[in-house]
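In the working numbering, the protein residues as written are 4 to 203. Input: a single structure, listed below in structure tokens.
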């Protein structure tokens, strides 16, 4: 029994430049996809013409088997009597198995001639590794400036009584405060008196 490798998710976005073979007016395109025995199709884009849009998701369980390494793509124009093949292509899936994701335009052909292109977004989820959980982006920390206080500086205490500033320069000679009402101090009698001025 083959071992399961994982799950392939194919989002069929749109097509462009589809050949308008055997179509009167705008065609009604749809696309089919086959991997091994699994076959899926998109809805029909009514009057999608040469540039249909589907935006549809298809899922395939991938086994460890060579038949699961390729995918057959076919684009048809829907018709009441018989659907008309626009073009097809076989896509090798090694790219998406190795990288995990593959978004690209894939050319389809009709009788080896260009018949348009199909845009597919493919994602492969390995069975041994669960799909990663997206984490919300974390805010980038920004550097904040924090002022550094000098050790010699101490912020004033608003509740404390004012103190004298010991760092202020001391005036010399020191001034002695006195009251205007106090009497002058008499000279010391022991100090020698100066001679009277000389008048010739």
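Note that CB positions come from ideal geometry on N, CA and C, so glycine has one too.
For residue i, report the span of its alpha helix (DSSP H) as first-last.
| i | result |
| --- | --- |
| residue 101 | 97–102 |
Under the three-state reduction of DSSP, which class applies to residue i: helix, strand or coil?
| i | result |
| --- | --- |
| residue 7 | strand |
| residue 66 | strand |
| residue 109 | strand |
| residue 72 | helix |
| residue 85 | coil |
| residue 119 | strand |
| residue 77 | strand |
| residue 18 | strand |
| residue 48 | coil |
| residue 131 | coil |
| residue 23 | coil |
Is the beta carbon of residue i less than 7 Å from the beta carbon of residue j?
| i | j | result |
| --- | --- | --- |
| residue 8 | residue 67 | yes |
| residue 122 | residue 16 | yes |
| residue 85 | residue 106 | no |
| residue 111 | residue 78 | yes |
| residue 12 | residue 93 | no |
| residue 101 | residue 89 | no |
| residue 33 | residue 44 | yes |
| residue 128 | residue 56 | no |
Between which two residues does the beta strand (DSSP E) containing residue i stretch?
| i | result |
| --- | --- |
| residue 38 | 32–38 |
| residue 29 | Run containing residue 29: none; DSSP gives neither H nor E here. |
| residue 42 | 41–44 |
Inter-stretch contact at 8 Å, needing at least 3 Cβ pairs: the stretch 46–54 / the stretch 66–73: no
Within 8 Å, do at least three Cβ pairs link the stretch 105–118 to the stretch 60–71? no
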